[in-house]
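Asker:
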Amino acid sequence: MAVLDHTEHAGHPDLGNVRKIAMWAFLGSECLFFGTLISTFLLYHNTTGDGPTAKEIFSIPFTSVSSFVLLMSSLTMVLAHHAAGRKDWRQMRVWLLATAGLGLVFLSGQAYEFTTFVHEGLTVTTSPFGSAFFVLTSFHGGHVAIGVLMLLATTFMSFGGKLHEGQGMNVELVGLYWHFVDIVWIVIFTVVYLLQV
Amino acid sequence: MSEAIDRPHPTPRDYILIAVILFAITAAEVAVTYVDALDSARAPMLIVMSAAKFLLVVGWYMHLRFDRPAYRNLFLIGLVLTPVLFGAVLLSFGLLIGN
Amino acid sequence: MATLNPAVESATASHHGRKGVWSWMTTTDHKRIGLLYGVSSLLFFLVGGVEALLIRLQLAAADGTVLSADAYNQMFTMHATTMVFLVIMPAAAAFTNYLLPILLGARDVAFPRLNALSYWIYIFGGLFLTISFFVGGAPDGGWFGYAPLSTQVTEIVRMDYWALGVQILGLASLLSAINFITTVFTMRAPGMTLMRMPVFAWMATVVAFLLLFSLPIIAVGLFEVFLDRNLGTLFFDAAAGGTPLLWQHLFWLFGHPEVYILILPAMGIVSEVLPVFSRKPLFGRSFVIFSGIAIGFMGFGVWAHHMFVAGLGPVAEATFALTTMLIAVPTGVKIFNWIGTVWGGSVRLATPMLFSLGFIAMFVIGGLSGVTHSIVPSDTQQHDTYYIVAHFHYVLFGGAVFGLFGGIYYWWPKITGKLLNEGLGKLHFWLMLIGFNLTFAPMHILGLRGMPRRTYRYPKGLGFEFWNFIATVGSLTIAVSILIFLINAWRTKARGRVAGNDPWDGRTLEWSISSPPPEHNFDVVPVVHAEDDFWHRKYREDEEGRPVPIPGGGDPLVAGPDDPPIHLPSPSFYPILAAFGMFLTVLGLVYVPLGLVLAGVGVVTVVWGLFGWSMEPLTREEH
Numbered sequence: 000m001a002v003l004d005h006t007e008h009a010g011h012p013d014l015g016n017v018r019k020i021a022m023w024a025f026l027g028s029e030c031l032f033f034g035t036l037i038s039t040f041l042l043y044h045n046t047t048g049d050g051p052t053a054k055e056i057f058s059i060p061f062t063s064v065s066s067f068v069l070l071m072s073s074l075t076m077v078l079a080h081h082a083a084g085r086k087d088w089r090q091m092r093v094w095l096l097a098t099a100g101l102g103l104v105f106l107s108g109q110a111y112e113f114t115t116f117v118h119e120g121l122t123v124t125t126s127p128f129g130s131a132f133f134v135l136t137s138f139h140g141g142h143v144a145i146g147v148l149m150l151l152a153t154t155f156m157s158f159g160g161k162l163h164e165g166q167g168m169n170v171e172l173v174g175l176y177w178h179f180v181d182i183v184w185i186v187i188f189t190v191v192y193l194l195q196v
Numbered sequence: 000m001s002e003a004i005d006r007p008h009p010t011p012r013d014y015i016l017i018a019v020i021l022f023a024i025t026a027a028e029v030a031v032t033y034v035d036a037l038d039s040a041r042a043p044m045l046i047v048m049s050a051a052k053f054l055l056v057v058g059w060y061m062h063l064r065f066d067r068p069a070y071r072n073l074f075l076i077g078l079v080l081t082p083v084l085f086g087a088v089l090l091s092f093g094l095l096i097g098n
Numbered sequence: 000m001a002t003l004n005p006a007v008e009s010a011t012a013s014h015h016g017r018k019g020v021w022s023w024m025t026t027t028d029h030k031r032i033g034l035l036y037g038v039s040s041l042l043f044f045l046v047g048g049v050e051a052l053l054i055r056l057q058l059a060a061a062d063g064t065v066l067s068a069d070a071y072n073q074m075f076t077m078h079a080t081t082m083v084f085l086v087i088m089p090a091a092a093a094f095t096n097y098l099l100p101i102l103l104g105a106r107d108v109a110f111p112r113l114n115a116l117s118y119w120i121y122i123f124g125g126l127f128l129t130i131s132f133f134v135g136g137a138p139d140g141g142w143f144g145y146a147p148l149s150t151q152v153t154e155i156v157r158m159d160y161w162a163l164g165v166q167i168l169g170l171a172s173l174l175s176a177i178n179f180i181t182t183v184f185t186m187r188a189p190g191m192t193l194m195r196m197p198v199f200a201w202m203a204t205v206v207a208f209l210l211l212f213s214l215p216i217i218a219v220g221l222f223e224v225f226l227d228r229n230l231g232t233l234f235f236d237a238a239a240g241g242t243p244l245l246w247q248h249l250f251w252l253f254g255h256p257e258v259y260i261l262i263l264p265a266m267g268i269v270s271e272v273l274p275v276f277s278r279k280p281l282f283g284r285s286f287v288i289f290s291g292i293a294i295g296f297m298g299f300g301v302w303a304h305h306m307f308v309a310g311l312g313p314v315a316e317a318t319f320a321l322t323t324m325l326i327a328v329p330t331g332v333k334i335f336n337w338i339g340t341v342w343g344g345s346v347r348l349a350t351p352m353l354f355s356l357g358f359i360a361m362f363v364i365g366g367l368s369g370v371t372h373s374i375v376p377s378d379t380q381q382h383d384t385y386y387i388v389a390h391f392h393y394v395l396f397g398g399a400v401f402g403l404f405g406g407i408y409y410w411w412p413k414i415t416g417k418l419l420n421e422g423l424g425k426l427h428f429w430l431m432l433i434g435f436n437l438t439f440a441p442m443h444i445l446g447l448r449g450m451p452r453r454t455y456r457y458p459k460g461l462g463f464e465f466w467n468f469i470a471t472v473g474s475l476t477i478a479v480s481i482l483i484f485l486i487n488a489w490r491t492k493a494r495g496r497v498a499g500n501d502p503w504d505g506r507t508l509e510w511s512i513s514s515p516p517p518e519h520n521f522d523v524v525p526v527v528h529a530e531d532d533f534w535h536r537k538y539r540e541d542e543e544g545r546p547v548p549i550p551g552g553g554d555p556l557v558a559g560p561d562d563p564p565i566h567l568p569s570p571s572f573y574p575i576l577a578a579f580g581m582f583l584t585v586l587g588l589v590y591v592p593l594g595l596v597l598a599g600v601g602v603v604t605v606v607w608g609l610f611g612w613s614m615e616p617l618t619r620e621e622h
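Protein sequences appear in the order of chains A, B and C. 83 is the number that numbering that gives the first Met the number 0 gives to position 84 of the first sequence; each next residue is one higher, with no gaps. 5 is the number that numbering that gives the first Met the number 0 gives to position 6 of the second sequence; each next residue is one higher, with no gaps. 178 is the number that numbering that gives the first Met the number 0 gives to position 179 of the third sequence; each next residue is one higher, with no gaps.
1. Which residue comes first and which comes last in the alpha helix (DSSP H) that contains Glu271 of chain C?
2. Taking only beta-carbon atoms, is Pro197 of chain C less than 7 Å away from chain A?
3. Apart from the five residues on each side of it in sequence, which residues of its chain come closer than 7 Å, Cβ to Cβ, to Glu421 of chain C?
4. What are the residues in the region 125-157 of chain C lying within 8 Å of chain A by C-beta distance?
5. For Phe582 of chain C versus Phe123 of chain C, is the C-beta distance shorter than 7 Å?
6. Determine the contact status of Gly365 of chain C and Gly406 of chain C, defining contact as a CB-CB distance below 7 Å.
7. For a contact defined as C-beta to C-beta under 8 Å, what are the partners of Phe184 of chain C on chain B?
8. Quick one: what's Arg448 of chain C bridged to in DSSP?
9. For Glu7 of chain A, is the classification buried or exposed, using 16 other Cβ atoms within 10 angstroms of its Cβ as the cut-off for buried?
10. Since Val370 of chain C and Thr323 of chain C are thought to touch, with beta carbons under 8 Å apart, how far apart are those beta carbons, to the nearest angstrom?
11. For the region 101-108 of chain C and the region 53-60 of chain C, state whether three or more C-beta atom pairs, one from each stretch, are separated by less than 8 Å.
12. Starting from the beta carbon of Pro215 of chain C, find every residue of chain A whose beta carbon is closer than 9 Å, and list them in chain order.
13. Starting from Pro546 of chain C, follow its DSSP beta bridges and name the residues at the other end.
14. Go ahead and label Leu135 of chain A buried or exposed: buried means 16 or more other beta carbons lie within 10 angstroms of its beta carbon, across all protein chains shown.
15. Determine the burial state of His528 of chain C: buried for a count of at least 16 other Cβ atoms within 10 Å of its Cβ, exposed for fewer.
16. Check for me: the alpha helix (DSSP H) holding Gly369 of chain C runs from which residue to which?
17. Pairs of beta-carbons, one from the region 72-88 of chain C and one from the region 115-135 of chain C, closer than 8 Å: are there three or more?
18. Work out the CA separation of Leu395 of chain C and Ile268 of chain C for me, nearest whole Å.
19. Please state the DSSP three-state secondary structure of Thr384 of chain C.
20. Along chain B, in chain order, which residues have C-beta atoms closer than 9 Å to that of Phe299 of chain C?
21. What three-state label does DSSP hand Val117 of chain A in the structure shown?
22. Quick one: list the residues of chain B neighbouring Ala315 of chain C, beta-carbon separation under 7 Å, in chain order.
23. In its own chain, which residues sit with a C-beta less than 6 Å from the C-beta of Ile326 of chain C, not counting the 5 before and 5 after it?
24. Which whole-angstrom value describes the C-beta separation of Ala109 of chain C and Thr26 of chain C, a residue pair presumed to lie in contact below a C-beta threshold of 8 Å?
25. Would you list the residues sitting across from Arg494 of chain C in a DSSP beta bridge?
26. Measuring CA to CA, which of A:Leu121, A:Thr154 and A:Ser126 is closest to Phe57 of chain A?
27. When the distance is taken between beta carbons, is Met442 of chain C closer than 7 Å to Val388 of chain C?
28. If we cut at 7 Å on Cβ distances, does Lys18 of chain C have a partner in chain A?
29. Provide the residue(s) that pair with Lys417 of chain C in DSSP beta bridges, ordered along the chain.
30. Just to confirm my understanding: we take His382 of chain C, look at its own chain, exclude 5 residues before and 5 after, and list those with CB closer than 8 Å. What are they?
31. Which two residues bound the contiguous alpha helix (DSSP H) that contains Ser513 of chain C?
32. Looking only at its chain, what residues have a beta carbon closer than 7 Å to the beta carbon of Ser623 of chain C, apart from the 5 residues adjacent to it on each side?
33. Does the Cβ-Cβ distance between Ser65 of chain A and Gly108 of chain A come in under 7 Å?
34. Distance, Cα to Cα, Val20 of chain C vs Arg64 of chain B?
35. If you measure from the beta carbon of Val34 of chain B to each beta carbon in chain A, is any gap under 7 Å?
36. Determine the direct distance from the alpha carbon of Tyr43 of chain A to that of Phe22 of chain B, and round the result to whole angstroms.
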C-alpha cells in the first residue's frame, strides 16, 4: 500500500507517518470493541443456566500453552520488524512466517478447544455464558486470522520487487496490529479464564 | 525529527529478555490460580500481573515508549475510556461490588 | 488562471476531461466525494421527509386511516434511521470532506481512496436499508432497536436489514473518522497550528473522535442482536438469563455521543458563518473550541439519562441527572459566545446568517427542554410522550438541519461558483422557521397532555385533535419550503449570479481560491500566520481597531517556478468494488443459511477489491 506522503511536499514538520497515526487511532477504537465484548462476558460469567460453568469446562493447562504460543508470536513479530529496520529482508521473511505459523498454531488450539467444549455440552445457545464466551473468543480468533493473512500478504509482497522504504512501514503496521491482538488475549486469558476458575 | 525517536531502540537481546519476563509472569499467573491459600488475594494479583504483561508488550514491542506522544494519546483515550464506561455499566448491574 | 509553475499546469491538465459516470465512480478527489455525500444526503432527506409527511397525515385527525399500524411502525423506524444515518451524518460528512482539507490548507485528505470507500459503503448501506421496503417490509422496531422487540420474530427479516444496515453505515463512518483524524494530525499547512484551525475543522475533529470511540460499542451490540436473531445466542433473552437492559446500555453508550455527532458539525458551521456576517472575529474563540472538546468528553458520560424509566436505581439515576445538568454548561458557553459575536457587529442578514440565527434560537429551545429531562421525576412523566419528540426535533431539526442549511447557502457559491438567489433563500428560511415551529411546538403541549409516541392513531375526545392538525399543517409548510430550496438550486444552475472567489468577504482559506476550487485546491500551499489568516491578508487595523483593506491582499497566490510539483491521487475502481462486496455480504447474511452463498461471493469481492487496492500505487505516472 503505497501512500503518498503529502507532508513531504507541503514542507511542514511531519507529525509522524500518516499510516501509523491511522493505525493507532484504529487500535484506540478496537479497545472499545473488545471492551464491549469482555464486559458482556463479565455480565454473564455466572449465567450458565443448565449448561456447564466456567470452572467445569475450562482447561487452564491447555489455554496456558496456547497463550504462551501467542505471546511468543509477539517476539517473532518484533524480530521481523527489527530485521526490516536493518533491511535484512531474508531474516524478515523468516520471522514473519514464524509469526504466521505461531498464529496458526494458536487458531488450531482454539478450534480444538471449541470442539471439546461443544462435546462437553457448551454451545452458543446453551446459556448467555456460552454465547458471550464463544462470541468474544471468536472475534478475537477472527482478528488473529486476519493478522495471519496480513502477515502472509506482507511476506508475499516482499518478493515482488517491492523492497523499498515502504516495506519496513508495512511490517511495522502489521506488527502493531499483531501485538494489539496479543495484548487483547493477555486480558482475555486473565479475565475470562484465570479469574473464573 | 523529534528527539523521542532518537532514543536508542531496543536490541534483539532486549526483546528476548522481555519475552522471558512475559513467560515468567504467565507461569506465575497460572501458578497463582492453583494455590488455594491465596483465595482472597488472587484477583488483585492476577490483574496486576496481567497489566504488567500488557504494558511490556505495548511499551517495548509496540514501541510506544520510544515513539511520538501523539500515538500514545490516541491509544490512551480508548484504553482509559473502556474501563470507565464499562465499569459504570457493570456497576449499575450490581457487578464488581459485593461478590 | 496565470500560472508560472509547470507542475500546476500538468496537475491541472492531467485531470482535465474527467467527466461522466465512470469518473465519479472512481474519484478520489475529496471535493467530488464531498459533493457525492451532499447530493446523496439530500436525496435521502426527501425520502425521510416523505416518511415524515405520511406520519403527519396519519395523525392529522383522530382515528387516521392513511397508514396501517404495521406501515406506521415501518415509517417511524425508517424516518428516524434515514434522518440520522442517511441524512444528517452524511450531510456533515459532505461538508467535512469538501472543506476540511481546504480549511487546513491541504490538497486532499490523508487517505483519498479510503475516503471513497467510506462514501461507497454509505451509499450501498443506504440502498440496502431502503430496498427493505420492497422485500417484505422495512425495519419496524424503532431506530433504537430495543431488545427483545428487535430480537424476536426472527422469521421476519426486517430487523436483520436494520442491524446489518446500521452496521455497515457505522463502518463507513468509522473509516472516515480515522481518515479525518489523520488528516488533521498530519496535513495542516505550515503555520496552521491546532489553535489556528477554523472552528468548523475543530468540531469535525471532535466528531471524528466521538465516532471513533462510540461506533465500536454499537458494532458489538448490533452483532449481538444479529446473532440472537440468526444463531440462537441468548444475549438479550430474559427467559434464559440474558438481560435486554444490556442492549439499552450498549445502544445509548453509542446513541448519546451520536447526538453530539449530529449537532457539533452544525455548531461548527454556525461558528464560521456568524463572524463573517457580523464582520467580527468569533467572540471567545478558544472557549468555543474547548467547550466543543468538553462536550465531546462529557457526551460519553450521560447515556443513562435515556434510561431513567428502566429502573437503574437511585445512585445511577442521581449520577446521570448530575452529568446531564453539567453538560448544559459548555453548550451554554457556546451560545453566549455566538451572541457575543453578533453583538455590536455590522450584521448582514443574508440567508446563511438567517439560518445561523435561527439555529441559535431553536437550539436554545431544544436545549432548555432537554435539560429539564435531567430531573428524573419529571422525565419519568414525559418519557415516551410527544414532549420528547418535540425536544429532540428542536435539537436535530431546529439545530442540526438549520445549521446545515446555513452551511449550504454559505458555501454553495464556493462549491458551484454561483450564488443562490437571496429572495428565494429568505423565503425558504422564513417558511421553514414558521413550518418548523408549527409542527413541533404543539408537540410539547400534546406530550404534556399525555399523548404517547409511536402510537399509530388516537381516539377522539382526548384533546389531541387540534394541535395534531396544526402540526400536520406545519409539516406541509416545511415541505413547501424545501420545494422552494430545490427551485432555487435549479434556477441558480441556469441563471445564478457568478460568485467570484470571495462573495461574503470571508475569513478562512477556502475564500482565497477560485470558485469552484481547482482540483489541487491550492496552486501554492499557503503559509498561515494567524487565526482567520485570509482576513488578515485582506485587512489591517487602523489606530482605532477598524479594518482597513490592504490593496490586492485577497488576490490568489501565484505559483513560482521553484514551487514543488503537485501530486494528486489517481482515480481508483477498487473502493467501489470493495463496498459493493460488502453490500452483497450483508444482503446474503439477511437470508441465512441460503444467503451464505451470496455472502461468500461478497466476501470474495471485498478481498478482490482490497487486494487490487494494495497492489495499485496511489499516484500513477501520467506523463
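We treat Cβ as the ideally placed atom computed from N, Cα and C, and that holds for glycine.
Answerer: In terms of the structure at hand:
1. What you label residue 271 of chain C is simply residue 272 of the third sequence in a count that begins at 1. For Glu271 of chain C, the enclosing alpha helix (DSSP H) has its first and last residue at Pro243 to Ser277.
2. Here residue 197 of chain C is taken as the residue at index 198 of the third sequence, counted from 1. At a cut-off of 7 Å between beta carbons, Pro197 of chain C makes no contact with chain A.
3. Sequence index remark: in the third sequence, residue 421 of chain C carries index 422 (1-based). Cβ within range, chain order: Ala349 and Thr350.
4. Within the region 125-157 of chain C, no residue has a Cβ lying closer than 8 Å to any Cβ of chain A.
5. Counted from its first residue, the third sequence places residue 582 of chain C at position 583. Counted from its first residue, the third sequence places residue 123 of chain C at position 124. Yes.
6. In the third sequence, residue 365 of chain C corresponds to position 366, counting from 1. In the third sequence, residue 406 of chain C corresponds to position 407, counting from 1. No. Outside cutoff.
7. As a working mapping, residue 184 of chain C is identified with position 185 in the third sequence. From the beta-carbon of Phe184 of chain C, the residues of chain B found nearer than 8 Å are Ala69.
8. Locating residue 448 of chain C in the third sequence gives position 449, where the first residue counts as 1. Note: Arg448 of chain C is not bridge-paired with any residue in the DSSP secondary-structure output.
9. Here residue 7 of chain A is taken as the residue at index 8 of the first sequence, counted from 1. With a pLDDT of only 37 at Glu7 of chain A, under 50, the local geometry of the prediction cannot be trusted, and the value read off the model is given with reservation. Classification for Glu7 of chain A: exposed.
10. Residue mapping note: residue 370 of chain C aligns to position 371 of the third sequence, counting from 1. Residue mapping note: residue 323 of chain C aligns to position 324 of the third sequence, counting from 1. Cβ-Cβ separation between Val370 of chain C and Thr323 of chain C: approximately 7 Å, consistent with a contact (criterion under 8 Å).
11. The region 101-108 of chain C, when compared against the region 53-60 of chain C, does not touch it at the 8 Å Cβ threshold.
12. The count along the third sequence starts at 1 and reaches residue 215 of chain C at position 216. Within chain A, the residues near Pro215 of chain C are Ser28, Glu29, Cys30, Leu31, Phe32, Phe33, Gly34 and Thr35.
13. Along the third sequence, one-based indexing puts residue 546 of chain C at 547. For Pro546 of chain C, which the question treats as bridged, DSSP gives the partners C:Glu540.
14. Reading the first sequence from its first residue, position 136 is the one you call residue 135 of chain A. The residue in question, Leu135 of chain A, is buried, as its Cβ has 16 or more Cβ neighbours within 10 Å.
15. Mapped onto the third sequence, residue 528 of chain C falls at position 529. If you draw a 10 Å sphere on the C-beta of His528 of chain C, you find fewer than 16 other C-beta atoms in it, and that means exposed.
16. The residue labelled residue 369 of chain C in the question sits at position 370 within the third sequence. From DSSP, the alpha helix (DSSP H) with Gly369 of chain C extends over Thr350 to Val370.
17. With a cut-off of 8 Å, the region 115-135 of chain C and the region 72-88 of chain C count as touching, because enough Cβ pairs lie within range.
18. What you label residue 268 of chain C is simply residue 269 of the third sequence in a count that begins at 1. What you label residue 395 of chain C is simply residue 396 of the third sequence in a count that begins at 1. Those two C-alpha atoms are separated by around 14 Å.
19. For the purposes of this step, residue 384 of chain C is taken as the residue at position 385 of the third sequence. DSSP places Thr384 of chain C in strand when its eight states are reduced to three.
20. Taking the first residue of the third sequence as position 1, residue 299 of chain C is located at position 300. Those within 9 Å of Phe299 of chain C in chain B are Leu80, Val83 and Leu84.
21. The residue given as residue 117 of chain A occupies position 118 in the first sequence. DSSP, read as helix, strand or coil, puts Val117 of chain A in helix.
22. In the third sequence, the residue the question calls residue 315 of chain C occupies position 316. Residues of chain B whose Cβ lies closer than 7 Å to the Cβ of Ala315 of chain C are, in chain order, Ser91.
23. Locating residue 326 of chain C in the third sequence gives position 327, where the first residue counts as 1. The beta carbon of Ile326 of chain C is closer than 6 Å to those of Met297 and Val301 in its chain, skipping five residues each way along the sequence.
24. Residue mapping note: residue 109 of chain C aligns to position 110 of the third sequence, counting from 1. Residue mapping note: residue 26 of chain C aligns to position 27 of the third sequence, counting from 1. The Cβ separation is near 17 Å, so there is no contact.
25. Counted from its first residue, the third sequence places residue 494 of chain C at position 495. For Arg494 of chain C, which the question treats as bridged, DSSP gives no partner whatsoever.
26. On the first sequence, residue 57 of chain A is found 58 positions in, with the first residue counted as 1. Looking from the CA of Phe57 of chain A, the closest CA among A:Leu121, A:Thr154 and A:Ser126 belongs to A:Leu121.
27. For the purposes of this step, residue 388 of chain C is taken as the residue at position 389 of the third sequence. For the purposes of this step, residue 442 of chain C is taken as the residue at position 443 of the third sequence. Taking 7 Å as the Cβ cut-off, Val388 of chain C and Met442 of chain C qualify as a contacting pair.
28. Counted from its first residue, the third sequence places residue 18 of chain C at position 19. No, its Cβ sits nowhere closer than 7 Å to a Cβ of chain A.
29. Numbered from its first residue, the third sequence carries residue 417 of chain C at position 418. The partner list for Lys417 of chain C (beta bridge, DSSP) reads C:Val497.
30. For this step, residue 382 of chain C is matched to residue 383 along the third sequence. Excluding positions up to five away in sequence, the list reads Phe307 and Val308.
31. Translated into the one-based positions of the third sequence, residue 513 of chain C becomes position 514. Taken as a continuous stretch (DSSP letters only), Ser513 of chain C belongs to no alpha helix (DSSP H), as it is neither H nor E.
32. A query on residue 623 of chain C cannot be resolved here, the shown segment of chain C reaching from 0 to 622 and no further.
33. Looking up residue 65 of chain A in the first sequence gives position 66. Looking up residue 108 of chain A in the first sequence gives position 109. Yes, the pair counts as a contact, with Cβ atoms nearer than the cut-off.
34. Reading the third sequence from its first residue, position 21 is the one you call residue 20 of chain C. Reading the second sequence from its first residue, position 65 is the one you call residue 64 of chain B. Going by the C-alpha atoms only, they are around 49 Å apart.
35. Working through the second sequence from its first residue, we reach residue 34 of chain B at position 35. No, its Cβ sits nowhere closer than 7 Å to a Cβ of chain A.
36. Sequence index remark: in the second sequence, residue 22 of chain B carries index 23 (1-based). Sequence index remark: in the first sequence, residue 43 of chain A carries index 44 (1-based). Pairing Phe22 of chain B with Tyr43 of chain A, the inter-Cα distance amounts to about 30 Å.
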